[in-house]
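Participant: Please read through the structure below; I'll follow up with questions.
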Amino acid sequence: MTLETAAPSHGWEMPKKFDPDDVLSRPLMANLATVTADGAPLNAPMWFIWEDAAIWLLGSTGASAVKHLERDPRCAVEIVHFDNEAGILLHLGLRGSATIEPMAPNRFKRLLHKYLGPEATWNRWFIDNVADIGHLDGRLIRLAPKSIFTNNVSFFKTGPELAWPPKP
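In case it helps, my numbering puts the sequence shown at residues 454 to 621.
Laid out in structure tokens, this is it:
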């Protein structure tokens with residue numbers, strides 16, 4: 454895996470890199486970009502979990518993202534941690550080829566815990582009717598990225614003094 458540097462077209466580099474694990478551990482939305490059969494891009498916002506050096510996203514046998522990735526596994530995932538009030542803007546990009554994996558209920562539960570908190574507090578209707586952990590059509594999209602791109606633009610309110618990482 455390579456860590457690419459952010460090099461905007463005007464020739465200067467972002468002043469401070471950040472640890473991708475910080476963004477990957479947060480309950481943020483991941484935008485999965487795939488390629489349709491006619492070559493057009495398709496974006497889908499998804500919940501995710503980072504485990505075993507891969508990002509795991511939810512899918513099903515009938516989902517368009519799964520169908521596109523089965524035909525052409527090339528994809529990109531973009532995650533943004535944006536806090537306007539605090540002046541934080543961190544962008545993380547992951548690129549590579551994805552695989553479609555069988556549903557792993559324990560991994561799916563860890564993903565749900567990341568977004569919904571402790572299992573005892575989960576909305577049972579959502580779990581039974583939407584998440585449906587044990588559904589036979591459930592799949593996981595696995596992307597072990599070939600490259601990771603970070604871009605810290607957390608100076609948009611402060612100027613050259615970064616809002617991220619926070620000062621001790």
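The beta carbon of each residue, even a glycine, is placed where N, CA and C say it ideally should be.
I need the straight-line Cα distance from G546 to V606, nearest angstrom please.
Facilitator: The sequence position of residue 546 within the sequence shown is 93, counting from 1. The sequence position of residue 606 within the sequence shown is 153, counting from 1. C-alpha separation (whole angstroms): 14 angstroms.
Participant: Given a threshold of 16 other Cβ atoms within 10 Å of its Cβ, counted over all protein chains shown, does A460 qualify as buried or as exposed?
Facilitator: Counted from its first residue, the sequence shown places residue 460 at position 7. With a pLDDT of only 41 at A460, under the threshold of 50, the placement of this residue in the model should not be trusted; the figure read from the coordinates follows. Exposed is the call here.
Participant: Give the range of the alpha helix (DSSP H) segment to which N543 is assigned.
Facilitator: Along the sequence shown, read from residue 1 onward, the residue named residue 543 stands at position 90. Reading the sequence as shown, one finds Leu at residue 543 and not Asn. Element bounds for L543: not the alpha helix (DSSP H) but the beta strand (DSSP E), I541 to P555.
Participant: P494 lies in the beta strand (DSSP E); which residues open and close that run?
Facilitator: Along the sequence shown, read from residue 1 onward, the residue named residue 494 stands at position 41. From DSSP, the beta strand (DSSP E) with P494 extends over P494 to M499.
Participant: Select from V488, I541, N496 and E523 the residue whose C-alpha is nearest the C-alpha of V476.
Facilitator: Within the sequence shown, numbered from 1, the residue matching residue 476 stands at position 23. Answer by Cα proximity: I541.
Participant: Looking only at DSSP bridge pairs, what is A486 linked to?
Facilitator: The sequence position of residue 486 within the sequence shown is 33, counting from 1. For A486, which the question treats as bridged, DSSP gives the partners N496 and A529.
Participant: If A597 sits next to G549, beta carbons under 8 angstroms apart, how far is it from one beta carbon to the other, in whole angstroms?
Facilitator: Mapped onto the sequence shown, residue 597 falls at position 144. Mapped onto the sequence shown, residue 549 falls at position 96. That belief holds up - the Cβ atoms of A597 and G549 are roughly 7 angstroms apart, short of 8 angstroms.
Participant: Grab me the residues of S513's own chain with a C-beta within less than 8 angstroms of its C-beta, minus the 5 sequence neighbours each way, in chain order.
Facilitator: Indexing the sequence shown from 1 puts residue 513 at position 60. Counting only Cβ-Cβ distances below 8 angstroms, and skipping sequence neighbours, we find V519, H588, D590, G591 and R592.
Participant: Who are the Cβ neighbours of F561 in its own chain at under 6 angstroms, not counting the five residues just before and after it?
Facilitator: By 1-based counting over the sequence shown, the position of residue 561 is 108. So the qualifying residues of the chain are I586.
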